[in-house]
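Contents: one structure, followed by commentary.
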């Protein structure tokens with residue numbers, strides 16, 4: 029026994045369209061984490077999932093036009109597809125190139141031993157030149173939203189050889205360099221350097237609004253399914269009553285034929301009416317079974333469950349038309365729609381993203397002028413040692 033409230037509660041918990049839409053929320057959170065490192069946004073497909081069979085308008089099983097995204101999603105704002113309203117999203121996020129805001133640490137360790145026979149041993153001071161080389165390098169690079177980049181490098185090497193011509197045993201070389209680079213024209217913009225962070229946060233907000241839109245869309249489909257189920261159930265009841273009346277009429281006609289007050293042709297007509305009513309009942313029962321299947325599909329996660337698959341779904345609510353329906357002026361309805369429709373909220377946030385891209389694109393048109401400061405040093409350390 030299923031009421032409308034039960035159907036809505038089960039849809040909110042189990043409907044697979046809503047389950048697909050829920051994945052967009054952690055995807056948007058991950059995109060925010062990605063752009064904090066200085067990477068570009070990947071965007072979130074915040075379109076409507078239109079995969080509930082039978083929930084559309086028109087023929088049985090109509091689901092609406094599916095988009096090219098996952099789960100049949102349609103393209104929408106937030107970096108998905110071409111954007112709502114046919115707006116091209118190719119310029120979203122343009123601007124000057126960004127440095128990595130996460131520190132990049134690299135290190136290289138290299139150990140090498142070589143044994144090289146000498147054609148003229150007197151030049152090398154040994155018949156075979158033996159060398160041991162060790163290298164340890166380190167670098168640190170990090171960018172900042174001010175357009176600044178800091179880099180620190182350190183190179184260290186150690187060399188030993190059996191050559192008597194070498195004055196240093198071992199030979200130690202070390203150097204370091206600290207460099208600061210600051211953009212003075214292109215890239216000198218907080219808004220341009222933080223554009224992906226702001227866009228990703230706006231996309232997260234768009235995802236929240238889009239999920240609310242998905243809930244509205246899915247529950248509307250479930251309500252359509254429910255009233256289709258009610259209509260099919262009532263139609264079965266009406267066809268059963270029609271069959272009972274036809275059978276009663278056929279029985280009365282047979283009795284009148286036996287009494288001699290009815291022609292045989294009237295009995296044949298009554299039997300034809302019974303057969304026609306039985307055929308209509310079978311068609312109505314088939315449609316009712318189909319509506320039950322569509323309803324179970326919309327309210328469960330697994331249609332292959334034998335318990336769910338064999339369960340009868342009987343609607344308990346009936347549509348009631350109020351005696352007095354309030355009349356709301358059309359302008360009030362339009363104003364309420366402009367304030368509450370999630371599509372408009374998504375468009376407003378998407379417009380803010382495009383304004384950010386507009387400012388960043390202007391900054392990218394400036395010439396590249398950088399201030400670079402270096403500070404470093406190098407040293408040669410050695411000690412006399414005849415051993416290799």
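In this note's numbering, the protein residues as written are 29 to 416. Each residue gets a CB set at the ideal place from its N, CA and C atoms; glycine is no exception.
- Counterpart residues of residue 399 in DSSP-defined beta bridges: 210
- Query: In the DSSP assignment, what are the bridge partners of residue 407?
  - Reply: 202
- On the three-pair Cβ rule with 8 angstroms, is the segment 135-142 touching the segment 162-178? yes
- Task: Enumerate in chain order the residues of its own chain whose CB-to-CB distance from residue 394 is below 6 angstroms, with the five nearest sequence positions on each side excluded.
- Result: 213, 214
- With DSSP run on the structure shown, which of helix, strand or coil describes residue 127? coil
- Query: Expressed to the nearest angstrom, what Euclidean distance is found between the alpha-carbon atoms of residue 43 and residue 31?
  - Reply: 17 angstroms
- Whose C-beta lies closer than 6 angstroms to the C-beta of residue 202 among residues of the same chain, with five residues either side of it excluded? 184, 407
- Would DSSP call residue 51 helix, strand or coil? coil
- Query: In whole angstroms, what is the alpha-carbon distance linking residue 268 and residue 274?
  - Reply: 10 angstroms
- Query: When you compare only the Cα positions, how much space is there between residue 245 and residue 371?
  - Reply: 12 angstroms
- Task: Assign residue 183 to one of three DSSP states: helix, strand, or coil.
- Result: strand
- Task: Have a look at 173, 382, 190 and flag the residue whose alpha-carbon is nearest the alpha-carbon of residue 141.
- Result: 190
- Identify the continuous alpha helix (DSSP H) that holds residue 227 and give its terminal residues. 223-287
- Select from 154, 73, 266 the residue whose C-alpha is nearest the C-alpha of residue 228. 73
- Message: Using a 10 Å radius around the Cβ and a threshold of 16 neighbouring Cβ atoms, would you call residue 218 buried or exposed?
- Response: exposed
- Task: Output the distance between the C-alpha atoms of residue 231 and residue 386, rounded to the nearest integer angstrom.
- Result: 17 angstroms
- Message: Rounding to the nearest angstrom, what Cα-Cα distance links residue 226 and residue 381 in this structure?
- Response: 8 angstroms
- Message: Just to check my reading of the structure: residue 324 and residue 341 have Cβ atoms closer than 8 angstroms, yes? What is that Cβ distance to the nearest angstrom?
- Response: 6 angstroms
- Message: If the criterion is Cβ atoms closer than 8 angstroms, does the pair residue 123 and residue 389 meet it?
- Response: yes
- Which residues share a DSSP beta bridge with residue 145? 156
- Select from 197, 311, 310, 339 the residue whose C-alpha is nearest the C-alpha of residue 322. 339
- Query: Taking the continuous alpha helix (DSSP H) assigned at residue 382, which residues delimit it?
  - Reply: 370-392
- Message: Starting from residue 174, trace the alpha helix (DSSP H) in both directions and tell me its first and last residue.
- Response: Taken as a continuous stretch (DSSP letters only), residue 174 belongs to no alpha helix (DSSP H), as it is neither H nor E.
- Counted within 10 angstroms of its Cβ, other Cβ atoms place residue 405 as buried (16 or more) or exposed: exposed
- Query: Taking Cβ positions, are residue 343 and residue 253 nearer each other than 8 angstroms?
  - Reply: no
- Message: Measuring alpha carbon to alpha carbon, tell me which residue in 319, 303, 187 is nearest residue 249.
- Response: 319
- Message: For the alpha helix (DSSP H) containing residue 327, name the first residue and the last one.
- Response: 292-327
- Cα separation between residue 210 and residue 172? 10 angstroms
- Check whether residue 243 and residue 373 have beta carbons under 8 angstroms apart: no
- Message: Helix, strand or coil, according to DSSP, for residue 63 in the structure here?
- Response: helix
- is_contact[residue 330, chain D] using C-beta, thresh 8 angstroms: Protein chain content of the structure displayed is limited to a single chain, and chain D is not contained in it.
- Item | residue 402 versus residue 181 - alpha carbon distance | 11 angstroms
- Query: Helix, strand or coil for residue 46 per DSSP?
  - Reply: helix
- Task: Using the Cα positions of residue 170 and residue 399, report the straight-line distance between them to the nearest angstrom.
- Result: 16 angstroms
- Cutoff 7 angstroms; reference residue 47; Cβ partners in own chain excluding five residues on either side: none
- Item | Where residue 357 falls, given that 16 or more other Cβ within 10 Å makes a residue buried | exposed
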